[in-house]
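Undergrad: The opening residue of the sequence shown carries number 0 in numbering that gives the first Met the number 0; numbering runs sequentially from there.
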Amino acid sequence: MQKNTAVFKRFWKPGVILCGLITLFISGIIFVLPVFQQQNRYHSYLQSLKSSGFNKYLKTPAEYSDVIKTHLWDVYQFSAPEYACVVGGDYALMVHHGKENDKTVVWLQPGQECWPGHPNCGRSDQGASPEEVLETMLSSANGSPFGPGRPDKDNPLVDWNFVYVPSCDGSFHFGDAAADYDGDAVVDHNHNGLRQTSAAFNIMKDLFPDTKKILLAGSSTGGFGTFGAIPLARLTFDEARIYVLNDSGPGVFSTKEPPLWPLMMQTWNLEPMFPSDCSACRH
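1. To which residues of the same chain is residue 274 closer than 8 angstroms at the C-beta, ignoring the five residues directly before and after it?
2. What are the partner residues of residue 202, as DSSP defines its beta bridges?
3. Please confirm whether residue 162 and residue 214 have their CB atoms less than 8 angstroms apart.
4. Does DSSP put residue 49 in a helix, a strand or coil?
5. Kindly indicate the opening and closing residues of the alpha helix (DSSP H) around residue 233.
6. Can you give the Cα-Cα distance for residue 43 and residue 183, rounded to whole angstroms?
7. Do you know how far the Cα of residue 224 is from the Cα of residue 278?
8. By Cβ distance below 8 angstroms, which residues in the same chain neighbour residue 289 in space, the five residues on each side in sequence not counted?
9. Roughly how many angstroms lie between the CA atoms of residue 49 and residue 143, to the nearest whole one?
10. Rounded to the nearest angstrom, what separates residue 110 and residue 40 at their Cα positions?
11. Can the beta-carbon of residue 216 be found less than 8 angstroms from the beta-carbon of residue 106?
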């Protein structure tokens, strides 16, 4: 008993206690400081996205005019002119409710990009009736082995929610410009990709607010679209884990061709979306 008391008294000294407290304090700082630094970097990143205008059309009601119910999809139609396709025509997107309500695929579709002098700008959409456009959308979505229309038992996404985002904006899903291609001071092309894709995320937030995992998937034009969709996904679901499947989306330009990238940036009004300190983004 006396031996135990002696040991207790040995360590019950103000100096020993103070050293222990200091050690604990320093250990706490070492552990907590990186967490605060990471949080500060994250908030700085979100603020940078907002400063670039990616939140311009987020957190506002998605002004759809009608919803058509089909077997696998709910079709949201937008008749307001600010959602119009590049050479006219109403916009529509589709939603599939899966069994895993906290996992959502944002499926960005291929399409035809447009800029002054492009020979096929908007040609694929001209003359099609709304019924024909809807049938094309449903056929494309249901015919793909990737989507819920043809479930594969080995497909890990078969029970996820899907938001199907067609491309008719002519600007890789994130342009934001009323453009005058022929120079007569009259707007003749509307690049409403940012507004259209933002509407998809606004609807997604309303329908699937518990989303914890997001897969942004796109091919060709849709692959390019993932670059603009990533900031929208992060600003809408700030704690979700985001995955990207970009098929044939990285930009490759021939040195023998005219400088298309600066032309696209100007025509689609992409300049505000790039950080001011990234000069390489503009060439």
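We put the CB at the ideal spot given by N, CA and C, even for glycine.
In this text, all values refer to a predicted model and were calculated from it rather than measured experimentally.
TA: In brief:
1. As a position in the sequence shown, residue 274 is number 275, starting the count at 1. 47, 51, 280, listed in sequence order.
2. Your numbering for residue 202 matches position 203 in the sequence shown. In DSSP, residue 202 forms no bridge with anything.
3. Taking the first residue of the sequence shown as 1, we reach residue 162 at position 163. Taking the first residue of the sequence shown as 1, we reach residue 214 at position 215. Not a contact, by the Cβ cut-off of 8 angstroms.
4. As a first step, residue 49 is located in the sequence shown; it is residue number 50 there, counting from the start. The answer is helix: DSSP assigns residue 49 an H, G or I state.
5. Numbered from 1 along the sequence shown, position 234 holds the residue referred to as residue 233. Note, residue 233: alpha helix (DSSP H), 220-235.
6. Here residue 43 refers to the residue found at position 44 of the sequence shown. Here residue 183 refers to the residue found at position 184 of the sequence shown. Approximately 42 angstroms between the Cα atoms of the pair.
7. Stepping through the sequence shown from its first residue, residue 278 is reached at position 279. Stepping through the sequence shown from its first residue, residue 224 is reached at position 225. Near 21 angstroms, if we compare the C-alpha coordinates of residue 224 and residue 278.
8. Residue 289 falls outside the range modelled here, since the chain spans only 0 to 282, and no answer is possible.
9. Translated into positions along the sequence shown, residue 49 becomes position 50. Translated into positions along the sequence shown, residue 143 becomes position 144. For residue 49 and residue 143, the distance between alpha carbons rounds to 35 angstroms.
10. For the purposes of this step, residue 110 is taken as residue 111 along the sequence shown, with counting starting at 1. For the purposes of this step, residue 40 is taken as residue 41 along the sequence shown, with counting starting at 1. Taking the straight line from one Cα to the other gives about 36 angstroms.
11. Here residue 216 is taken as the residue at index 217 of the sequence shown, counted from 1. Here residue 106 is taken as the residue at index 107 of the sequence shown, counted from 1. Contact: yes.
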